[in-house]
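Residues in the sequence shown are numbered consecutively from 1, following the numbering used here.
Contents: one structure, followed by commentary.
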Amino acid sequence: MALTFTATFNSFTIVYTDEKKETYGTDLFVPRTRVATIASVSSLTEIRQFDKLTEFDTAMNAVSQPGISFNPFTDYFPLPTDDG
């Protein structure tokens, strides 16, 4: 079963393998007002949403996953430069 939800804020989302939230499944970033569908989830109890990157990183570390330094909601990919 899939879970579909509309983010009410820019959401850093962690998907866990079950409602215990001890085992990492995947993660995603959902912009505010966008609809997301997670195929492997049947309940909101299997995900956690964060509005702060630092809180997301802490939760990722708790399930032995690396945090990220790039904020997809505020940072931009640097443009390639031609050095020559």
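C-beta atoms are modelled at their ideal positions from N, C-alpha and C, and glycine is treated no differently.
Predicted model only: the values in this text are computed from it and were never measured.
- Cα atoms of Ser64 and Asp57: separation of roughly 10 Å, rounded to the nearest angstrom.
- When DSSP states are grouped into helix, strand and coil, Leu53 belongs to the helix group.
- The count of Cβ pairs closer than 8 Å, one atom from the segment 42-51 and one from the segment 74-84, stays below three, leaving the stretches out of contact.
- The straight-line gap separating the alpha-carbon atoms of Glu22 and Phe73 is approximately 26 Å.
- Non-local C-beta neighbours of Thr37 in its own chain, meaning closer than 6 Å and more than five positions away in sequence, comprise Ala2 and Thr4, ordered along the chain.
- Under the criterion of beta carbons closer than 8 Å, Glu46 and Val15 qualify as touching, at roughly 7 Å.
- Secondary structure of Ala7 (DSSP, three-state): coil.
- Its Cα nearest to that of Ala59, the residue Gly25 stands out among Ala7, Gly25, Thr8 and Phe9.
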